[in-house]
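The block underneath contains the structure these notes are about, expressed in structure tokens.
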Amino acid sequence: MEQNPFAPPSASADRPQGGLVFSPEGVSIVASLATWMRGLSILYFLFIGLLALGSCATCAGGGSLRGAGGAGGAIAFVFIVVMVVIGAAASWLRSAAQDFERGVLSDDEMPIGQGFGHLRSFLILFGILGLLSLAFQIYQAVQVL
Amino acid sequence: MDAAHIPFTDEDERKIASAATWGMIVAITSISTGAISLLMQLSVMSSLPSGMKALVLVPVVQAAVTILLNLWLLQASLAFRKVALTDEADQEYLLAGFRKLRAYFMVQVILILVAIGLGLLASFAVFS
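So the protein sequences, as listed, match chains A and B. Per my numbering, the very first residue in the first sequence carries number 1; after that it's consecutive. Per my numbering, the very first residue in the second sequence carries number 1; after that it's consecutive.
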């Protein structure tokens, strides 16, 4: 059959024969992984919403705490920092899920590599939090024992 | 091209190796924190009267779940490390890592939903 010279270029046209091909089982694993990662990011966003409500309530009640050195404002600032950290984690998780799914559905390794970049950012954040938490736990254990 | 080998760029392989390293850091620190927390709670609970000894189960279950979750993350990280550092069966290791990572995120979501449900039930019980 003659090839249509006016056909739009396709992404698979210049891909090597016998390239990256995921099995249906692999596709279903990654689709399911992406769903759970997105689910967790939605829970993080819901938590951010609750924190935003909490910080608004703290700011509203801050007037009564002004005499105590503006504690309401300081608490609201801490809430905002936590919201930014969780927001970053949620968006990295969401981007990683999208990239993994895109890569596996299109049998393309580039989006998978990008997904690992986002997953790495997410894990670096939780790694730093984990190290701080471990240091605090060891400090507490030394105090107790 | 062999289907077992995935032609990631050098930069992507560095990203995968780095993600695997940080995944191992998260898993090991979480398991260590869980173990220390369990030991501290058990030492506090050892002074409880014998009728309340069943409370020991709470931190034990909590620690078991933490260890299980982070073992999955550790296994996923080790599989991703093999993807980055070897060229023998990239696709197999990648899917093995994704399978463990799915279990890690799935159980986290389920635990958070259960905690929210229990919180709502407790608040209904308090206010009704």
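Using N, Cα and C, we set each Cβ at its ideal position, and we do this for glycine too.
Does the beta carbon of residue i sit closer than 8 Å to a beta carbon anywhere in chain A?
| i | result |
| --- | --- |
| B:Q62 | no |
| B:K53 | no |
| B:R99 | yes |
| B:D10 | no |
| B:G117 | no |
| B:L69 | no |
| B:A89 | no |
Please report the straight-line C-alpha distance between residue i and residue j, rounded to a whole angstrom.
| i | j | result |
| --- | --- | --- |
| B:V58 | B:E92 | 38 Å |
| B:L78 | B:G23 | 9 Å |
| B:P7 | A:L33 | 22 Å |
| A:C59 | A:L46 | 20 Å |
| B:M52 | B:V61 | 16 Å |
| B:S37 | B:V114 | 22 Å |
| A:S28 | B:P49 | 51 Å |
| A:M83 | A:L132 | 18 Å |
| B:V56 | B:G34 | 15 Å |
| A:S41 | B:S43 | 36 Å |
| A:A89 | A:V104 | 23 Å |
| A:R94 | A:L20 | 24 Å |
| B:H5 | B:E88 | 6 Å |
| B:A122 | B:F80 | 41 Å |
| B:G119 | A:W92 | 28 Å |
| A:S106 | B:L101 | 21 Å |
| A:W36 | B:F98 | 12 Å |
Looking at residue j and residue i, is the spacing between their C-beta atoms short of 8 Å?
| i | j | result |
| --- | --- | --- |
| B:A27 | B:L85 | no |
| A:F126 | A:A96 | no |
| A:G100 | A:V30 | Here residue 100 of chain A turns out to be Phe, not Gly, going by the sequence shown. Cβ atoms of A:F100 and A:V30: closer than 8 Å. |
| A:P116 | B:D90 | Contrary to the premise, residue 116 of chain A reads as Phe rather than Pro in this sequence. No, they are not a contact pair. |
| B:I67 | B:I31 | yes |
| B:T29 | A:L134 | yes |
| B:I16 | A:L43 | no |
| A:G130 | B:I25 | yes |
Would you verify that the beta carbon of residue i is, or is not, closer than 8 Å to some beta carbon of chain B?
| i | result |
| --- | --- |
| A:I48 | no |
| A:Q98 | no |
| A:G54 | no |
| A:F45 | no |
| A:R120 | yes |
| A:F79 | no |
| A:A89 | no |
| A:E109 | yes |
Going by DSSP, what residue range makes up the alpha helix (DSSP H) through residue i?
| i | result |
| --- | --- |
| B:G34 | D10 to M45 |
| B:A63 | L57 to L85 |
| A:P111 | E109 to V144 |
| B:S170 | Past the boundaries of the shown model lies residue 170 of chain B; chain B is included only from 1 to 128, so the question cannot be answered. |
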